[in-house]
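For what it's worth, our numbering labels the leading residue of the sequence shown as 7, then goes sequentially. Note that CB positions come from ideal geometry on N, CA and C, so glycine has one too. Note that the structure is a prediction, hence the values are computed from the model and not measured.
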Amino acid sequence: MAFPKKVTIREVGPREGMQIEKTPVSTEDKIRLVDLLSECNFPVIEVTSFVSPKWVPQMADAELIAEGFKRNPGTEYQCIYLNSKGIERAKETGKFDLEGVLSIIASETFSRKNTNRSIEETFDEMDERIAVLREFNVPISTVAVMTAFGCNYEGDVDPQHVVRLISRTIEKANAHGIDPDRILLGDTVGWANPVSTEYLVGQVQNRWPEKTIILHLHDTRGMGLANAYVGLKMGVSHFDASVGGLGGCPFGGSKGAAGNIATEELVHMCHELGITTGIDLEKLMEVTREAERILERELPSKVVKGRSLDSYRQIPSR
């Protein structure tokens with residue numbers, strides 16, 4: 007399969023990057039990060055999470071962030087919410103493009119650590135989640151399977167188990183007259199490799215050829231960009247990424263490892279392959295440098311250190 011002509015990248019750094027960050031980050035700096043990313047022409051930015059500050063204290067200022075950031079007319083602004091209270095909080099701000107996601111975790115142990123529910127309990131409560139989303143007129147567009155490739159607690163995840171989870175979730179939605187058109191495969195703790203990525207994406211494409219696949223990749227063990235390349239070769243055109251490589255899951259069991267794939271590295275690779283993203287790479291690299299100043303440390307991004315190849319192509323030859 008040929009590369010897609012255009013790729014849609016959702017920037018998740020302000021949300022996923024901040025949720026695991028141990029360095030205290032002020033609300034003002036979080037807002038500034040969102041505003042700077044807006045200037046890079048992202049189609050989608052995930053801003054914050056409306057979750058309990060008891061479990062994720064870094065997200066305690068979600069309303070203040072919502073109040074402070076400026077909306078770019080060409081950008082969708084999304085957020086995370088896990089229950090009706092979270093949806094209500096997000097909706098009251100009037101700042102977000104709310105999207106309904108039916109999420110399941112493929113690892114039983116990780117599911118209990120991350121949501122305090124088993125896989126079966128998650129399915130049992132899915133009808134209630136669907137009802138709440140419909141009550142708030144939030145369209146349900148996506149089925150998401152996290153730890154779809156493996157888990158630090160349980161090891162490799164059987165791809166057929168993932169396919170069955172997707173099928174059950176779609177059946178749940180269909181029973182309510184809803185047909186989600188997107189499937190997100192989350193490599194939440196960096197277990198994917200190019201071979202397993204190709205196999206699982208292929209299984210999902212064969213089963214649901216009409217649905218859009220989103221890859222949410224982590225670079226925990228340095229294979230994130232290679233996995234993204236495989237996805238591109240298979241025609242995947244939707245990816246999540248995080249500025250500078252910020253991010254990671256606080257419940258994943260990886261300490262000190264890299265987070266999501268760095269957005270500027272994914273953008274740079276796409277541009278070098280002739281794939282359009284619409285994102286201003288030079289501005290994005292400046293945002294990464296600003297994030298490093300805010301956090302007072304270097305981020306994993308290699309493109310920021312080595313500069314884009316286009317920046318060298320523009321140097322007059324001698």
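If I measure Cβ to Cβ from residue i and keep anything under 8 Å in the same chain, skipping five residues before and after, which residues do I get?
i	result
Asp185	Ile176, Ala179
Arg123	Ser117, Glu131
Phe102	Val53, Ala72, Tyr83, Gln84, Cys85, Ala96
Val169	Gln209, Val210, Arg213
Thr115	Cys157, Tyr159, Glu160
Lys11	Ile281, Thr282
Val31	Met24, Gln64, Ile300, Leu301
Asp225	Gly196, Leu231, Gly251, Ala264, Gly265, Asn266, Ile267, Ala268, Pro306
Glu304	Glu298
Glu278	Leu315
Gly192	Ala150, Val151, Met152, Thr153, Ala154, His222
Tyr205	Pro165
Considering residue i, what are the terminal residues of the beta strand (DSSP E) in which it resides?
i	result
Val107	106-111
By Cβ distance below 7 Å, which residues in the same chain neighbour residue i in space, the five residues on each side in sequence not counted?
i	result
Cys276	Val13, Thr283
Arg313	none
Glu45	Lys289
Glu271	Leu231, Ser307, Lys308, Val309
His274	Leu287, Val309, Ser314
Ser55	Arg21, Gln25, Val62, Met65, Ala68, Cys85, Ile86
Ser90	Val138
Lys217	Asp187, Arg188, Ile189
Arg174	Phe129
Glu296	Leu42
Taking the continuous alpha helix (DSSP H) assigned at residue i, which residues delimit it?
i	result
Val18	Careful: Val18 lies outside any alpha helix (DSSP H) and carries neither H nor E.
Gly284	Counting along the chain, Gly284 falls outside any alpha helix (DSSP H), and DSSP gives it neither H nor E.
Asp103	Run containing Asp103: none; DSSP gives neither H nor E here.
Ile125	125-130
Leu5	Residue numbering for the chain in the displayed model covers 7 to 324; residue 5 lies beyond these limits and cannot be assessed.
Leu252	First-last for Leu252: undefined, no H or E at that position.
Glu114	114-121
Ser307	Premise fails: Ser307 is in no alpha helix (DSSP H) and is neither H nor E.
Ser314	It is not in any alpha helix (DSSP H) - Ser314 carries neither H nor E in the DSSP assignment.
Looking only at DSSP bridge pairs, what is residue i linked to?
i	result
Cys157	Gly161
Val149	Leu108, Ile189
Lys12	Thr282
Ala137	For Ala137, which the question treats as bridged, DSSP gives no partner whatsoever.
Ala297	BP columns for Ala297 are empty, so no partner.
Asp246	Arg16, His222
Asn143	Answer is none; Asn143 lacks a bridge partner.
Asn266	His224
With residue i and residue j assumed to form a contact (beta carbons below 8 Å), what rounded beta-carbon distance in angstroms separates them?
i	j	result
Val207	Val242	6 Å
Phe48	Ile26	Actually they are not in contact, since the Cβ atoms of Phe48 and Ile26 sit about 21 Å apart, beyond 8 Å.
Leu346	Ala234	Since the first residue shown for the chain is 7 and the last is 324, residue 346 is missing from the structure and cannot be characterised.
Val236	Thr203	5 Å
Leu43	Val293	6 Å
Ile51	Thr81	6 Å
Ile110	Thr128	6 Å
His4	Ile136	Only positions 7 to 324 of the chain appear in this structure, which leaves residue 4 out of reach.
Gln93	Val138	The question names Gln, but residue 93 is Ile in the sequence shown. Confirmed, about 6 Å.
Met229	Asn199	5 Å
Ala112	Leu190	Not quite, the Cβ-Cβ distance comes to about 12 Å (not below 8 Å), so this is no contact.
Asp285	His244	For the record, residue 285 in the displayed sequence is Ile; it is not Asp. Not a contact, Cβ separation roughly 14 Å.
For residue i, I'd like the list of residues in its chain whose CB is within less than 6 Å of its CB, leaving aside the five on either flank, ordered along the chain.
i	result
Ile281	Phe9, Val13
Phe257	Reliability of the predicted coordinates at Phe257 is poor, the pLDDT of 48 falling under 50, and the value obtained from them is presented with this limitation in mind. Once the five neighbours on either side are set aside, the close Cβ partners of Phe257 are Lys119, Asn120.
Val107	Thr148, Ala150
Pro20	Leu39, Val40, Val53
Gln320	none
Trp197	Phe155, Gly156
Asp67	Thr33
Asn78	Ser44
Ser317	none
Met291	Glu270, Val310
Gly74	Ile37
Val144	Leu104, Gly106
Asp246	Arg16, Val18, His222
Thr29	Leu301
Using a Cβ-Cβ distance under 7 Å, would residue i count as near chain C?
i	result
Gly312	Judged by its chain identifiers, the structure shown contains no chain C, having just a single protein chain.
When every heavy atom of the ligand ATP is checked, does at least one fall within less than 6 Å of the C-beta of residue i?
i	result
Ala232	By its list of ligands, the structure shown contains no ligand whatsoever, and the ligand ATP lies outside what it can speak to.
| task | Give, in chain order, every unbroken run of the alpha helix (DSSP H) that is at least 4 residues long and sits entirely within the region 175-244. | result | 200-213, 230-239
| Which full runs of the beta strand (DSSP E) of 3+ residues lie inside the region 50-100, going along the chain? | 50-56, 82-87
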